[in-house]
Every structure is written in C-alpha cells, then in structure tokens.
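Residue numbers (the numbering used here): 4 to 320. All residues carry an ideal CB built from backbone N, CA and C; glycine is no exception. This report refers to the structure that appears directly beneath it.
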Amino acid sequence: MVGEIDGKLLFCNGYNAGKDIVLMYVDKSNMEVIKSFVAAENVKSDKFCGLRIFGDNIVVKLNDKLIIVDKDLNSKKEKSISIPYKGNPHGLDVSSDLKRFVFSDDEGLKLMDSENHSVKLLIKSAKENAPSGEIPSVHLYPHFAADETKIVSTMSGYEWTNGIIVYDIQSGTMKKVIDSGDSTTYGVYWDSGILDVNGYERGTGKIKTFYLNFKTVAVTEIPIKNTGNTDFIRGGSMCYTGKNYAAFVTCKLDYEDEANSIYYISRLNLKTLELEPEIISVKAAQVCILGVTEDGQIIFYYNYNPSENGIAITAKP
Numbered sequence: 004m005v006g007e008i009d010g011k012l013l014f015c016n017g018y019n020a021g022k023d024i025v026l027m028y029v030d031k032s033n034m035e036v037i038k039s040f041v042a043a044e045n046v047k048s049d050k051f052c053g054l055r056i057f058g059d060n061i062v063v064k065l066n067d068k069l070i071i072v073d074k075d076l077n078s079k080k081e082k083s084i085s086i087p088y089k090g091n092p093h094g095l096d097v098s099s100d101l102k103r104f105v106f107s108d109d110e111g112l113k114l115m116d117s118e119n120h121s122v123k124l125l126i127k128s129a130k131e132n133a134p135s136g137e138i139p140s141v142h143l144y145p146h147f148a149a150d151e152t153k154i155v156s157t158m159s160g161y162e163w164t165n166g167i168i169v170y171d172i173q174s175g176t177m178k179k180v181i182d183s184g185d186s187t188t189y190g191v192y193w194d195s196g197i198l199d200v201n202g203y204e205r206g207t208g209k210i211k212t213f214y215l216n217f218k219t220v221a222v223t224e225i226p227i228k229n230t231g232n233t234d235f236i237r238g239g240s241m242c243y244t245g246k247n248y249a250a251f252v253t254c255k256l257d258y259e260d261e262a263n264s265i266y267y268i269s270r271l272n273l274k275t276l277e278l279e280p281e282i283i284s285v286k287a288a289q290v291c292i293l294g295v296t297e298d299g300q301i302i303f304y305y306n307y308n309p310s311e312n313g314i315a316i317t318a319k320p
C-alpha cells in the first residue's frame, strides 16, 4: 500500500525484475480493485527506486527518470533525469517540487539541485570489516523526511545492515539513530517515522523494538512482552509504518509442523505510542502486512497454500 487518495487505497504490485509497475485503487469496504493503471513496463528491479505521492500526482522513481501519473490513473508523463552516479547506484528520492534529488552511490550520500546541476557530497561511504577484508559500507534507500528538512538512509554492512542514519540538511549534521542488524529505510511511504521491530541491538546484544520519529528524531523503545521467534531475518512485509498507526507481525514457529505455527499482528498508535498487542492471530498461514490506513485499519495477506489464501482487513482501533 502506497497511500490513500480521496478515500481510496492506492496499491502497487511487487517489483520483480522485468515486470510492469501497476498502480491500483482498492475499495477498502470490500477490498476490490476499482481501477488499475500500468505506470511502467518491463522495469528491471535495480532501476526501481520507489514511489511518492505529491498533491495530485503519483511519482514512480526510476534511477534514470521519473514517471508522473495523475491521481485519477488516466495518464502519465515521463521526465528524464541525469544523475551523476559514481560506481553503483544505491537509491534515489525526489523532492515534492521535483527539483532536488538525494541519491547514493559507491562514493557516498549526495544532494543534487537539477536547476543548477550542483551536486553536494553529504556523507562519504565508510568501510566495514568482513572475513575477506574491508568492504564498503554504503548508504541504501535514501529518503527525504520531516517535510524535506532531513534525509534518512540505511548503512549497508557485511551480512547485516549497519543501522539507520538521519542527516539534517540545514545543519549539515548526521546522527545514527537505530543500530540493529536488519533495520532499513526501504518502503517508506509516509512522513511519520520508522518502526524497527525485534532488531538485534549491537551495543547490548538484546532484541529490541524502536520507533524513530522523523520530525523530532526521537527514538523511543517500544516494549514488546512476547517477542516470539527472533532467530530469523525479518522481511519488510512483517511491518508497516503508516501515517498515524503502524502494524507488525510476530510469530511462534513450529519448525517440525508449520500447521502449528501462529502469527500475531499488533498495532501501534504513532501519536501516543500506545501498543495494542496481538489483536489478530493466524494459525498455520503465513502473514504479510500490506498497509495500515490513516484510521488504523490493518490490511494483511495470509497464505497457507495455493488454494487457501486471501486478504483481510481489521476493524478500527
């Protein structure tokens, strides 16, 4: 789920290599697709950099162009962009006026003004120790945040990520805010924050959950009484941070008989940071969170086998 426009839920299909990027409106009263639109065709996965909603437009970001779709999903136009990557590209975001770009490459995190073609290196890439020697630790999935006054990105590492940083554009300062092994800024659609669930905190070696508020840069630990299994890398679909609420999945896994595994969905109020633990439980079927509406309804997909799966939506808080 990318967002909500005029009371309709905006979704985008998965981003597999060589696939079309399809936008679709969904009626949340019955979860039926109202309208769909092919925004881009045969897109390689390494070219796709995410989506943005700016006013009456939906912007599909590729690393060499923007595809601007009107909010009614009737038409589109393309805007070529020339990003001076040095080495491999590692992510890109665009400002609401489509004039400023934050991007990352092998050299570091950079800010570009497309009007005067100026490029500023904000943070150089670091080094990470690995068994094979030093490897680069680069910035992944950079994203404008806090009304475009800040930039958030993920630092890469050997096998795990090296945490999330916040760069203040006005002061020119960087702060590492979350230092867990699988934290990420991938899939940020709202200007609220990031919920990092059951992360391995390097400093303490403990499993913890934190919420980062983009505007205040405050990081708050969210106590979770029942963390469930933590011996696996959590996928991005196990958590979704929305505008006013976030939702996440925890699980108790039976590795011998998956039919005995239980998946729990919890909801967090991002204004009060009040947690509603385990409001939904699903036995046997794996669960992926697709989105959280502004009023707190959680949309999730469950899959037991090819003939037993579906999409469900919870009640409001």
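Residue of the options minimising C-alpha distance to residue i
i      : options                           : result
Asp91  : Leu101, Asp108 and Asp30          : For clarity, residue 91 is Asn in the given sequence; the question names Asp instead. Cα-wise, what sits closest to Asn91 is Asp108.
Ala249 : Ser195, Val222, Ser121 and Gly208 : Ser195
Glu162 : Leu76, Leu26 and Pro139           : Pro139
Tyr258 : Phe235, Val46 and Val180          : Phe235
Phe106 : Ala262, Met241, Pro280 and Tyr170 : Tyr170
Asp49  : Ile154, Ile8 and Lys64            : Lys64
Val122 : Ser128, Pro87, Tyr266 and Pro145  : Pro87
Ile197 : Val180, Tyr203 and Lys209         : Val180
Asn66  : Lys82, Asn132, Gly238 and Glu7    : Lys82
Cys242 : Phe303, Val97 and Leu256          : Phe303
Ser128 : Ala315, Leu114 and Met158         : Met158
Asp182 : Ile210, Gly190, Ser135 and Ser85  : Ile210
Cys15  : Gly190, Gly111 and Ile84          : Gly190
Lys255 : Lys31, Arg237 and Gly231          : Gly231
Glu311 : Val295, Ile292 and Ala288         : Ala288
Glu7   : Val295, Tyr307, Gln173 and Gly313 : Val295
Glu118 : Asp100, Glu35 and Tyr307          : Asp100
Lys89  : Val141, Thr212 and Phe40          : Val141
Asp23  : Ser85, Phe40, Leu13 and Arg237    : Phe40
Glu131 : Lys80, Gly10 and Gly166           : Gly166
Glu224 : Val285, Tyr203 and Ser240         : Tyr203
Phe213 : Met4, Thr207, Asp199 and Thr275   : Asp199
Ile282 : Ala42, Asn229 and Val72           : Asn229
Asp2   : Lys47, Thr244, Ser284 and Asp9    : In the structure as shown, the chain begins at 4 and stops at 320. Residue 2 is therefore absent and cannot be evaluated.
Buried versus exposed, by CB contacts within 10 Å (16 or more), residue i
i      : result
Val324 : Given that the chain is displayed from residue 4 to residue 320, the structure contains no residue 324 and the question cannot be resolved.
Asn201 : buried
Pro145 : buried
Asn33  : exposed
Gly175 : exposed
Gln300 : buried
Ala262 : exposed
Ile61  : buried
Ile227 : buried
Gly94  : buried
Ser156 : buried
Straight-line Cα distance separating residue j from residue i
i      : j      : result
Met177 : Thr152 : 13 Å
Asp150 : Phe217 : 9 Å
Trp193 : Lys246 : 6 Å
Leu69  : Pro309 : 36 Å
Glu297 : Pro280 : 19 Å
Ile168 : Arg103 : 20 Å
Met27  : Cys52  : 18 Å
Phe147 : Pro320 : 29 Å
Ser186 : Gly160 : 11 Å
Leu273 : Ala318 : 17 Å
Tyr305 : Ile316 : 11 Å
Asn77  : Ala133 : 49 Å
Lys38  : Asp30  : 10 Å
Glu277 : Leu271 : 6 Å
Val252 : Gln173 : 36 Å
Lys286 : Asp75  : 39 Å
Leu124 : Gly206 : 29 Å
Local conformation of residue i per DSSP, three classes
i      : result
Asn60  : strand
Glu277 : coil
Gly239 : helix
Glu261 : helix
Thr223 : strand
Asn312 : strand
Arg205 : coil
Ile172 : coil
Lys80  : strand
Val141 : coil
Glu151 : coil
His93  : coil
Gln289 : strand
Phe213 : strand
Lys22  : strand
Tyr304 : strand
Met34  : coil
Lys246 : coil
Ala133 : strand
Leu256 : coil
Met158 : strand
Lys68  : strand
Residues that DSSP places opposite residue i in a beta bridge
i      : result
Met115 : Phe104 and Val122
Met27  : Phe14 and Ser39
Lys321 : Look at the range of the chain in this structure, 4 to 320, and you will see that residue 321 is not part of it.
Short CB-CB distance (under 8 Å) between residue i and chain B
i      : result
Leu125 : No chain B is present in this structure, which holds just one protein chain.
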